[in-house]
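Trainee: Take 241 as the starting number for the sequence shown in my numbering and just add one per residue.
Note that CB positions come from ideal geometry on N, CA and C, so glycine has one too.
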Amino acid sequence: MTVSQPHNKAGANIRDLKQQNRALILKHIALTRGLSRGKLARIVGLSKMAVGNLVSDLIAMGLVEECETPAANGNYGRRPIILQLAAASPCICGMLVKRGFFQVILADLGGAVLHRRDIPFEGGMDQEQMLALLLGAYDALRREEPRRVLAVGIASVGPVDAASGVLLTPPSFYGISNVPLAQRVQEHTGLPAFLIHDASAGALAEKFYGGQKSTDNFIYLHIMNGIGGGYVLDGRLYDGDSGQSGEIGHTSINFMGPRCSCGNVGCLELYANVPQMRRRITELLPLYRSSAMPALGGSDQLTWLDIVDAANHKEAAAVAALEEFCGYLAYAVAANINLLDLSCIVVGYESSSRGGIVEKLLQSKIAACSRHKNITVLHSGFGGDAPLIGSIACVAQRVFDLSLPLLLDEPAQKEGQAGHAQ
Ligand SMILES: [Zn+2]
């Protein structure tokens, strides 16, 4: 796979500084709507003239454009000029690999999705058939979009080895394992490709494009078929030595518990899972004769989405099952909070109803088993899509920290002087 080497030089010459400032300016324009040159100068702490020169470079490079803000009602006076990503600026391909289906998107550096494909993926396929589906979706999207694509970010169910770009041995993944995902995507597309654990991608989406842009420390919990955790620490994604962090579902909450397929005993996911919630609901339903839940097709058919929606509608059996789920999850989260001294938890999952019962239950359960009492549990604004959006963020991050070469070329008017920084 391709992992560009980060800039780890100690020194910086004038050209390096210029590129770093350009990246900083581009990052703020991409991630903040409605920025004027003056506001941008105040945010980054550079003079208006310096910002003006850097913005001119980015405009000449086709990355940024200026436009007037829309007229307010009845106001026909002079309107402020704001900066935004150029309509033809390069985009990023993001892929999400999970049980049940794949998702492939093209999005701009600001995380705005331009095109999207959802592809059902069931058992009975081998590795090559799976890759053909994924790469076919990329080809279809590519035909719809004339913009240059910079790179591909791939978020995937774990465990993954992000450093080598290999999807390792995910449980219940149709017998498919040890897939060199990043390498195969790179060979097919001719683009750099980066693999990231889905929960880490969710954390990155929250930090870059979501509600936690200014939060330095938080855990993102992704609840799907399993439970994953992504960590932002000191303002950056913590990804471990090889990108295998975040397997919170396989931390033990009972050292006398049963053996898990991962080799550990008493793993969180052995207790907090949808089949266990179904069993709990089946036990409780006779006690709640007025319940509407059997109308969903029998408690043995209930999905996570059904149970959360029913709980948000105050169905007592669903609330009880979810309370038990959140109780187990809280033990694992409290251990993380005690180790890392965190106070913000963001939870991402699919839901078609409002109500926030998962967050309320989790917050109260964590408070009951942690000595940290000021814990905030928030619902991700991306719902179940945070890992997909995070696949875009994992490429954007590399553009903004200059480990992808978008900003290393000089603007067009300086052609001929461009070269590699010494
Ligand atoms: Zn386990």
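Within the continuous beta strand (DSSP E) that includes Thr616, where are the two ends?
Mentor: Residue numbering aside, residue 616 sits at position 376 when the sequence shown is read from its first letter. Its beta strand (DSSP E) spans residues 616–619.
Trainee: Would you mind giving the Cβ-Cβ distance between Cys584 and Asn457, rounded to the nearest angstrom? I have them listed as a contact below 8 Å.
Mentor: Reading the sequence shown from its first residue, position 344 is the one you call residue 584. Reading the sequence shown from its first residue, position 217 is the one you call residue 457. The Cβ separation is near 7 Å, so the contact holds.
Trainee: According to the neighbour-count rule (16 or more other Cβ atoms, all chains shown, within 10 Å of its Cβ), is Ser454 buried or exposed?
Mentor: Counting from 1 along the sequence shown, the entry for residue 454 is found at position 214. Exposed: under 16 other Cβ atoms inside 10 Å.
Trainee: Three or more C-beta pairs under 8 Å: does that hold for the stretch 437–446 against the stretch 536–555?
Mentor: Touching, no.
Trainee: How is Met301 classed by DSSP in three states: helix, strand or coil?
Mentor: Residue mapping note: residue 301 aligns to position 61 of the sequence shown, counting from 1. Coil at Met301, not helix or strand.
Trainee: Is Gln260 helix, strand or coil by DSSP?
Mentor: Position 20 of the sequence shown, counting from 1, holds the residue named residue 260. Looking at Gln260 - three-state DSSP - the assignment turns out to be helix.
Trainee: Is Asn494 near ligand 1, judged by its Cβ being under 8 Å from some heavy atom?
Mentor: In the sequence shown, residue 494 corresponds to position 254, counting from 1. No, ligand 1 has no heavy atom inside 8 Å of this Cβ.
Trainee: May I ask you to report which of helix, strand or coil DSSP gives Glu555?
Mentor: Indexing the sequence shown from 1 puts residue 555 at position 315. Coil.
Trainee: Let me confirm a value: His612 is counted as buried when at least 16 other C-beta atoms fall within 10 Å, else exposed. Which label applies?
Mentor: The residue you call residue 612 lines up with position 372 of the sequence shown. Exposed, because fewer than 16 other Cβ atoms sit within 10 Å of the Cβ of His612.
Trainee: With burial defined as no fewer than 16 other Cβ atoms inside 10 Å of the residue's Cβ, what is the status of Pro432: buried or exposed?
Mentor: Your numbering for residue 432 matches position 192 in the sequence shown. Buried, because 16 or more other Cβ atoms sit within 10 Å of the Cβ of Pro432.
Trainee: Would Val587 and Val598 qualify as a contact pair, given that the criterion is a beta-carbon distance under 9 Å?
Mentor: As a working note, residue 587 is residue 347 in the sequence shown. As a working note, residue 598 is residue 358 in the sequence shown. Yes. Within cutoff.
Trainee: Below 8 Å, how does it come out for the stretch 414–428 and the stretch 391–404: are there three or more Cβ pairs, yes or no?
Mentor: Yes, they touch.
Trainee: Is Leu642 closer than 9 Å to Ala263 when the C-beta atoms are compared?
Mentor: Along the sequence shown, read from residue 1 onward, the residue named residue 263 stands at position 23. Along the sequence shown, read from residue 1 onward, the residue named residue 642 stands at position 402. Yes. Within cutoff.
Trainee: Using the beta-carbon count (16 or more within 10 Å), is Gln541 buried or exposed?
Mentor: For the purposes of this step, residue 541 is identified with residue 301 of the sequence shown, where counting begins at 1. It is exposed - the Cβ of Gln541 has fewer than 16 other Cβ atoms within 10 Å.
Trainee: Taking 8 Å as the threshold, find out whether the stretch 380–398 comes into contact with the stretch 360–369 through three or more Cβ pairs.
Mentor: No: fewer than three Cβ pairs fall under 8 Å.
Trainee: Give a yes or no on contact between the stretch 476–486 and the stretch 498–511, applying the rule of three or more CB pairs nearer than 8 Å.
Mentor: Cβ pair count under 8 Å is below three, so no.
Trainee: Please classify Lys605 as buried or exposed, where buried requires at least 16 neighbouring CB atoms within 10 angstroms.
Mentor: Here the question's residue 605 lines up with position 365 in the sequence shown. Counting Cβ neighbours within 10 Å, Lys605 comes out buried, since at least 16 surround it.
Trainee: Within the same chain, show all residues whose beta-carbon is closer than 6 Å to that of Ile345, passing over the 5 residues directly before and after it, in chain order.
Mentor: By one-based count along the sequence shown, residue 345 stands at place 105. Excluding sequence neighbours, Ile345 sits near Gly334, Val353, Arg356.
Trainee: Hey, Gly506 and Ile493: beta-carbon distance below 9 Å or not?
Mentor: Position 266 of the sequence shown, counted from the first residue, corresponds to residue 506. Position 253 of the sequence shown, counted from the first residue, corresponds to residue 493. Cβ distance < 9 Å, so Gly506 and Ile493 count as in contact.
Trainee: Classify Asp358 as buried or exposed, calling it buried when 16 or more other Cβ atoms lie within 10 Å of its own Cβ.
Mentor: Along the sequence shown, one-based indexing puts residue 358 at 118. Classification for Asp358: exposed.
Trainee: Just to check my reading of the structure: Thr409 and Ser396 have Cβ atoms closer than 8 Å, yes? What is that Cβ distance to the nearest angstrom?
Mentor: Sequence index remark: in the sequence shown, residue 409 carries index 169 (1-based). Sequence index remark: in the sequence shown, residue 396 carries index 156 (1-based). Incorrect: roughly 12 Å between the Cβ atoms, too far for contact.
Trainee: What are the boundary residues of the alpha helix (DSSP H) that includes Gly376?
Mentor: Counting from 1 along the sequence shown, the entry for residue 376 is found at position 136. Taken as a continuous stretch (DSSP letters only), the alpha helix (DSSP H) holding Gly376 covers 367–384.
Trainee: Drop a sphere of 10 angstroms on the beta-carbon of Pro627, count the other beta-carbons inside from all chains shown, and report buried for 16 or more, exposed for fewer.
Mentor: Within the sequence shown, numbered from 1, the residue matching residue 627 stands at position 387. Pro627 should be labelled buried.
Trainee: I need the straight-line Cα distance from Met301 to Ala328, nearest angstrom please.
Mentor: Counting from one through the sequence shown, the residue named residue 301 turns up at place 61. Counting from one through the sequence shown, the residue named residue 328 turns up at place 88. Straight-line Cα distance between these residues: approximately 11 Å.
Trainee: Throw me the rounded Cβ distance for the Leu325 and Val304 pair, which I believe falls under 8 Å.
Mentor: Counted from its first residue, the sequence shown places residue 325 at position 85. Counted from its first residue, the sequence shown places residue 304 at position 64. Leu325 to Val304, Cβ: 6 Å. Contact.
Trainee: If you measure from the CB of Ser417, is any heavy atom of ligand 1 nearer than 8 Å?
Mentor: The residue you call residue 417 lines up with position 177 of the sequence shown. No, Cβ of Ser417 sits at least 8 Å from all heavy atoms of ligand 1.
Trainee: So Ile193 packs on Ser631, CB below 8 Å; how close in whole Å?
Mentor: Residue 193 lies beyond the stretch modelled for the chain, which goes from 241 to 662, so this question has no answer here.
Trainee: Determine the direct distance from the alpha carbon of Pro320 to that of Phe341, and round the result to whole angstroms.
Mentor: Sequence index remark: in the sequence shown, residue 341 carries index 101 (1-based). Sequence index remark: in the sequence shown, residue 320 carries index 80 (1-based). The straight-line gap from Cα to Cα measures roughly 44 Å.
Trainee: Along the chain, where does the beta strand (DSSP E) containing Met335 start, and where does it finish?
Mentor: Numbered from 1 along the sequence shown, position 95 holds the residue referred to as residue 335. Note, Met335: beta strand (DSSP E), 331–337.
Trainee: May I ask which residues mark the beginning and end of the beta strand (DSSP E) holding Leu473?
Mentor: The residue given as residue 473 occupies position 233 in the sequence shown. 467–473 is the extent of the beta strand (DSSP E) around Leu473.
Trainee: Give the secondary structure of Arg255 by DSSP, where H, G and I count as helix, E and B as strand, and everything else as coil.
Mentor: For the purposes of this step, residue 255 is taken as the residue at position 15 of the sequence shown. Helix, per DSSP.
Trainee: Would you report the Cα separation of Asn513 and Glu555, rounded to the nearest angstrom?
Mentor: Taking the first residue of the sequence shown as position 1, residue 513 is located at position 273. Taking the first residue of the sequence shown as position 1, residue 555 is located at position 315. The alpha-carbon atoms of Asn513 and Glu555 are separated by roughly 19 Å.
Trainee: Residues around ligand 3, please: the ones whose beta-carbon is closer than 6 Å to some heavy atom of it, in chain order.
Mentor: As for ligand 3, it is missing from this structure, which binds only ligand 1.
Trainee: At what residues does the alpha helix (DSSP H) containing Ser454 begin and finish?
Mentor: Walking along the sequence shown from the start, residue 454 turns up at place 214. Here Ser454 belongs to no alpha helix (DSSP H), and DSSP marks it neither H nor E.
Trainee: Cys634: buried (16+ other C-beta within 10 angstroms of its C-beta) or exposed?
Mentor: Your numbering for residue 634 matches position 394 in the sequence shown. Cys634 is buried by the Cβ-count criterion.
Trainee: In whole angstroms, what is the alpha-carbon distance linking Gly466 and Phe413?
Mentor: Taking the sequence shown and counting its residues from 1, one reaches residue 466 at position 226. Taking the sequence shown and counting its residues from 1, one reaches residue 413 at position 173. Taking the straight line joining both Cα atoms gives about 12 Å.
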